[in-house]
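Q:
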Amino acid sequence: MLGLDGATPVKNCQLQLANLKSPTMIPVADAIQIVLDQTTSLPAESVALVDALGRILAEDIVADSDLPPFNRAQMDGYAIQAADVANTPARLRIVGESAAGAGWHQEMKAGEAVRIMTGAPVPAGADAVQQVELTREVNDANFVEILESVKTGRSIVKRADEIKAGETVLRAGEEISAAMIATLASFGYAQVKVGRRPHLAVMATGSELVVVDQKPGQDQIRDSNNYTIAAYASLAGANVERLPLVGDDTEELKRQIAKACEGSDMLITSGGVSMGVYDFTKAALKELGAEVFFERVALRPGKPTVFARLGSALVFGLPGNPVSVAVTFNLFARTALRAMQGAKEAMLVPHTAVLAHDLKGSMDRESYLPAILRTDEKGTLWVEPLKWGGSSDFVSFARATALINVPSGVGRIEADSPVKVLRLPS
Ligand code: AMP
Ligand code: MG
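First residue of the sequence shown? That's 4 in this note's numbering, and the numbers climb one at a time after it.
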């Protein structure tokens with residue numbers, strides 16, 4: 004096929020060769036869908052309530068009792084009959100006391116009042132509680148004067164008004180937040196069924212790498228990716244094992260990758276997936292017989308991200324650049340780790356913010372660019388793109404709290420435009 008400009012067959016031949024070399028670049032959404040399709044949830048395990056924070060519920064949480072379990076006083080004061088205090092001040096005889104944990108279990112009659120505390124059961128016969136501030140005890144505390152009338156039902160939460168026994172209050176797939184702990188405790192969940200934590204092996208590759216407590220020699224740099232991935236993966240609920248560094252050597256990579264996959268639910272490598280002469284991670288995976296689901300994503304940064312399975316382990320081959328690692332981990336690997344634990348919302352949740360500066364997108368790739376979120380005094384959520392020197396600029400990235408998502412094909416976004424952002428886990 005000749006080009007429109009009458010290009011020579013040689014030029015076309017080169018193009019075709021380039022296409023042959025580069026596997027298809029798939030959209031980010033497709034890549035995430037593939038990750039979700041290939042991820043199966045791990046078996047559930049029981050953990051003590053004190054260890055449940057941040058875990059993913061693997062069972063529905065059902066109320067084992069009504070809430071409140073009895074008609075409960077909402078105020079310190081007097082249980083009364085509203086009709087008795089239609090005209091105030093009204094004098095009522097104090098016939099008893101109902102305290103939290105020690106109720107007054109007789110029938111209260113017209114003309115009577117029961118001294119009552121917040122959280123105590125309202126006695127039968129009473130239909131309202133007047134708060135203590137609007138009352139006055141008289142005659143050696145045998146009588147109380149109610150100074151203001153109340154409506155029937157005032158300051159009483161009726162039995163089962165909040166929750167009925169048997170109701171599902173939290174659902175499998177939700178992440179257990181601190182706000183949920185009271186619910187779990189109140190309905191007797193001393194043990195909670197949650198998704199097992201994935202066992203994740205993390206392997207930085209690259210002959211230039213030295214470990215963090217070593218001074219880099221000539222042409223060397225310290226590995227940071229193993230630590231970045233371990234940090235984000237811990238936030239995502241994984242148990243992380245950092246493996247020794249591996250150089251750019253296909254045979255050594257094959258040995259280490261095979262070993263890592265044996266005992267792990269997931270392996271994440273970094274480095275060695277671009278088009279360089281020493282990028283061997285993909286070759287190692289393929290020679291080991293891994294099933295490769297994608298190896299190029301229309302993503303900036305993070306184009307050469309690889310997703311595969313070897314044995315029963317999922318494998319993410321992330322690019323080497325530290326910012327690419329943070330982006331691709333949070334889009335793909337985090338999603339898989341959370342799905343493995345049974346999370347209903349495995350992906351980071353998008354928010355909308357107003358762009359503080361103009362931003363350049365990419366014509367053929369979707370961008371996820373590091374940024375800082377802040378709310379102004381009017382309550383507007385602003386997102387400020389970081390000035391950064393590319394995907395290797397981890398020092399700028401250190402201040403990032405979010406990623407700005409620019410769709411593929413959008414050349415430029417003006418300041419003050421609404422944009423989609425993902426909050427980075429921290
Ligand atoms: P690569 O994807 O292997 O071509 O690496 C891209 C860039 O990321 C190179 O400048 C590497 O030196 C750097 N890099 C690769 N692995 C790491 C790592 N574990 N920690 C920090 N930088 C890395
Ligand atoms: Mg490398």
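Think of the CB as a built atom: it goes at the ideal place given N, C-alpha and C, for glycine as much as any other residue.
All values reported here derive from a predicted model rather than from experimental measurement.
#1: Return yes when the C-beta of Tyr281 is under 7 Å from any heavy atom of ligand 2, and no when it is not.
#2: Could you pull out every residue in the same chain whose Cβ sits closer than 7 Å to the Cβ of Leu248, ignoring the five residues on either side in sequence?
#3: Please identify the residue among Tyr371, Val413, Ala286, Leu384 whose C-alpha is closest to the C-alpha of Gly393.
#4: If you compare alpha carbons, which of Gly220, Met278, Leu203 is closest to Pro307?
#5: Could you check which residue in Asp216, Asp396, Ile375 has the C-alpha nearest to that of His360?
#6: Return helix, strand or coil for Tyr371, following the three-state DSSP convention.
#7: If you scan the region 246-284 from start to end, which runs of the alpha helix (DSSP H) of 4 or more residues do you find wholly inside it?
#8: Could you tell me the boundaries of the beta strand (DSSP E) in which Met206 lies?
#9: With a threshold of 16 other CB atoms inside 10 Å of the CB of Ser267, please say whether the residue is buried or exposed.
#10: Let's see if you can read the secondary structure: which residues bound the alpha helix (DSSP H) around Ser420?
#11: Using a threshold of 7 Å, is the CB atom of Gly412 nearer than that to any non-hydrogen atom of ligand 2?
#12: Quick one, which of Ile271, Gln194, Gly191 has its alpha-carbon nearest Asn228's?
#13: Kindly identify the DSSP beta-bridge partner or partners of Met70.
#14: For the region 88-145, which segments carrying the alpha helix (DSSP H) assignment without a break, of at least 4 residues, lie completely within its bounds, in sequence order?
#15: Would the C-beta of Gly250 count as close to ligand 2, meaning under 7 Å from any of its heavy atoms?
#16: For Gly320, is the beta carbon positioned less than 7 Å from some heavy atom of ligand 2?
#17: Rounded to the nearest angstrom, what separates Arg303 and Arg157 at their Cα positions?
#18: In whole angstroms, give me the CA-to-CA distance for Leu173 and Arg94.
#19: When we look at the beta-carbon of Met366 and count the other beta-carbons within 10 Å, is it buried (16 or more) or exposed?
#20: Please identify the residue among Lys285, Asp282, Asp130 whose C-alpha is closest to the C-alpha of Ile159.
#21: Please list the segments of the beta strand (DSSP E) lying wholly inside the region 363-415, counting only runs of 3 or more residues, in order along the chain.
#22: Looking only at C-alpha atoms, which of Ala356, Ala403, Ser395 sits nearest to Val386?
#23: Could you tell me the alpha carbon to alpha carbon distance between Asp252 and Lys289, rounded to whole angstroms?
#24: For the beta strand (DSSP E) containing Ala233, name the first residue and the last one.
#25: Going by DSSP, which residues form a beta bridge with His354?
#26: Examine ligand 1 and report whether any of its heavy atoms sits within less than 7 Å of the Cβ of Pro247.
#27: Taking Arg96 as the reference, which of Tyr81, Gln109, Arg368 has the closest Cα?
#28: Roughly how many angstroms lie between the CA atoms of Ser101 and Gly122, to the nearest whole one?
#29: For Phe397, which residues from the same chain have a beta carbon less than 7 Å from its beta carbon, with the 5 sequence-adjacent residues on both sides left out?
#30: Taking 8 Å as the threshold, find out whether the region 83-90 comes into contact with the region 51-69 through three or more Cβ pairs.
#31: At what residues does the beta strand (DSSP E) containing Arg157 begin and finish?
#32: Identify, in the order they occur along the chain, each residue of the same chain with its Cβ nearer than 8 Å to the Cβ of Val422, setting aside the five sequence neighbours on each side.
#33: Could you give the distance in angstroms between the alpha-carbon of Ile260 and the alpha-carbon of Ala32?
#34: Is the region 59-69 close to the region 193-200, with three or more CB pairs under 8 Å?
#35: For Pro428 and Ala239, which I take to be in contact (beta-carbon distance under 8 Å), what is that distance rounded to the nearest angstrom?
#36: Would you please state the rounded distance, in angstroms, between the beta carbons of Glu110 and Gly99? I believe it to be under 8 Å.
A: According to the data block:
#1: yes
#2: Ala207, Leu212, Val214, Asp226
#3: Tyr371
#4: Met278
#5: Ile375
#6: strand
#7: 253-265
#8: 202-207
#9: buried
#10: No alpha helix (DSSP H) contains Ser420, which DSSP labels as neither H nor E.
#11: no
#12: Ile271
#13: A small correction: the amino acid at residue 70 is Leu; Met does not occupy that position in the sequence shown. BP columns for Leu70 point to Ile166.
#14: none
#15: no
#16: no
#17: 60 Å
#18: 47 Å
#19: exposed
#20: Asp130
#21: 369-378, 384-388, 405-409
#22: Ala356
#23: 14 Å
#24: Careful: Ala233 lies outside any beta strand (DSSP E), inside the alpha helix (DSSP H) at 228-238.
#25: Val424
#26: no
#27: Tyr81
#28: 9 Å
#29: Ser227, Pro325, Val326
#30: no
#31: Element bounds for Arg157: n/a, residue is neither H nor E.
#32: Thr355, Ala356, Val357, Leu358, Leu362, Val386, Ile407, Asn408, Val409, Ile416
#33: 27 Å
#34: yes
#35: 7 Å
#36: The pair is not a contact, with the Cβ atoms about 11 Å apart (cut-off 8 Å).
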